[in-house]
Amino acid sequence: MHSDNGNFHERCYALLKQIPAGKVTTYGEIARALNSRAYRAVGTAMASNRQLFAIPCHRVVRSNGAIGGYALGPDKKAELLINEGVTVKNGRVGQLDAVMHRFPALPESTGGKRYP
DNA sequence: GGCGTGACCCCAT
DNA sequence: TATGGGGCCACGC
């Protein structure tokens with residue numbers, strides 16, 4: 004149709020902006036929110052992010068609770084999360100379920116099947 | 001046009 | 001609780 008709204012990357016950024024402070028999400032969750040399995044591409048999008056201050060990519064952690072990677076280093080990422088109120092211990096997020104942010108379902112995927 | 005890479009995820013041991 | 005192996009997708013060269 005008209006256009007795909009740019010790139011898959013931009014959609015990830017849009018979701019990141021919807022994450023409030025004190026909350027975090029996972030790469031897989033973002034891919035899920037986009038109804039895709041491109042968890043790998045999500046990470047690539049973060050790595051491609053040049054606006055660390057505009058896009059809170061530091062609020063994205065691994066689904067296993069690990070901090071993950073960061074352009075300024077994982078240590079800096081943990082510090083930012085702690086500064087926002089997220090409990091980080093030994094480079095891992097505590098109670099990830101408690102700080103996990105949930106995204107709304109996509110309008111085109113509402114109601115029926117998801118993956119064929 | 002095709003191939004390798006990567007801020008990953010899941011399961012089995 | 002760690003560790004290893006296999007699989008998935010979008011992007012750049």
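The opening residue of the first sequence carries number 4 in this note's numbering; numbering runs sequentially from there. Beta carbons: idealized from backbone N, C-alpha and C, even for Gly. Here the structure is a predicted model, which is why all the values come from computation and not from measurement.
DSSP state of residue i mapped onto helix, strand, coil
| i | result |
| --- | --- |
| R95 | strand |
| V102 | helix |
| V45 | helix |
| R40 | coil |
| F11 | helix |
| N52 | coil |
| I85 | helix |
| P23 | coil |
| P59 | coil |
| A17 | helix |
Bridge partners - residue i, DSSP secondary structure assignment
| i | result |
| --- | --- |
| A69 | R95 |
| V64 | T29 |
Check: residue i C-beta below 7 Å from any heavy atom of the ligand ADP
| i | result |
| --- | --- |
| H104 | Looking at this structure, you won't find the ligand ADP or any other ligand, since it has none at all. |
Buried or exposed by the 16-neighbour rule on C-beta atoms within 10 Å, applied to residue i
| i | result |
| --- | --- |
| Y118 | Bear in mind that a pLDDT of 42 at Y118, under 50, signals an unreliable position, so the number given afterwards is only what the model happens to contain. Label assigned to Y118: exposed. |
| G88 | exposed |
| G62 | The question names Gly, but residue 62 in the sequence shown is Arg. So R62 counts as buried. |
| P59 | buried |
| K20 | exposed |
| G115 | In this prediction, G115 has a pLDDT of 41, which is less than 50 and means its spatial position is unreliable; what the coordinates show is noted afterwards. Flag for G115 reads exposed. |
| G71 | buried |
| K92 | exposed |
| A36 | buried |
| I85 | exposed |
| L99 | buried |
For residue j and residue i, believed in contact at Cβ under 8 Å, the rounded distance
| i | j | result |
| --- | --- | --- |
| G97 | P77 | Incorrect: roughly 16 Å between the Cβ atoms, too far for contact. |
So, does the segment 20 to 38 touch the segment 92 to 105, judging by three or more C-beta pairs under 8 Å?
yes
Three or more C-beta pairs closer than 8 Å, one from the segment 47 to 65 and one from the segment 8 to 21: is that the case here?
yes
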